[in-house]
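**Q** Residue numbers (our numbering): 5 to 197. Here you go, one structure.
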Amino acid sequence: MEEEENLKEAIDTFIKALDNEQNKIDQIEEKNKNEKRVIKNSTGFNRLAEILKKTIELVCVNEKVRIKSDSNKSRISAYGKDLSIAIGKNGKNIEAIEYIINLIGKRKKLIDRKITIDIKDYRKRNIEKIRKIAVEMANKAVKEGRKIALRPMPSYERKIVHSLLSNMKSVRTASRDEGTKRRIIIYPVINNS
């Protein structure tokens, strides 16, 4: 009887040890998978950065392009002497290039999330300009007591305006129209108290 209990206890101890070893192996395999995924994503991101560089050099003939990326691999910035053709009117060409780069990245399985493209910090400057205009137009709507329509904007610009003005209690925003004509309307909030 005692021998049987000792044997059962030994088997249980052995099974626990096996389970612990299997857990360690599973953790190591999962860690390796994650490392491979990071390496693959990093390599894919670098390939996309190179594709972006070549694309801009094709668009802006005789221009040397420098590429810089952020640490979390979600933004690629291009710099050069005269890249205005790659920027385009109101940043339309940047949007097109970004769309193509992301399409290539997704189709070739080089990336698993959207990458933002910026050329000569155009988007950074444009965001500041949009914020300034949004606040000015919100103040104008309140002062004049009427709605103000902003120019048509791409979705990322509208998102910035909605987010910024949501903090202002004196106005509310809404989007109107469809597609490339979609714009934000700023309404003053009238207090009846």
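Note that beta-carbon positions come from the ideal geometry of N, C-alpha and C, so glycine has one too. For clarity, every value in this text was computed on a predicted model and none was experimentally measured.
#1: Looking at the strands, I want to know which residues DSSP matches up with residue 122.
#2: Are the beta-carbon atoms belonging to residue 55 and residue 121 less than 8 Å from one another?
#3: Could you give the C-beta distance for residue 87 and residue 67, rounded to a whole number, given that I count them as a contact under 8 Å?
#4: In chain order, what residues of the same chain lie with their CB nearer than 8 Å to the CB of residue 181, ignoring the 5 residues before and after it?
#5: Tell me whether residue 146 sits in a helix, a strand or coil according to DSSP, three-state version.
#6: With distances taken from CA atoms, which of 144, 161, 92, 164 is nearest residue 3?
#7: To the nearest angstrom, how far is the alpha carbon of residue 166 from that of residue 146?
#8: Give the C-beta separation of residue 90 and residue 131 to the nearest angstrom, bearing in mind that I take them to be a contact with Cβ-Cβ under 8 Å.
**A** Checking against the coordinates, here is how it stands:
#1: 81
#2: no
#3: 6 Å
#4: 156, 187
#5: helix
#6: Nothing about residue 3 can be read from this structure; the chain reaches only from 5 to 197.
#7: 16 Å
#8: Contact doesn't hold; Cβ gap of about 18 Å is too wide.
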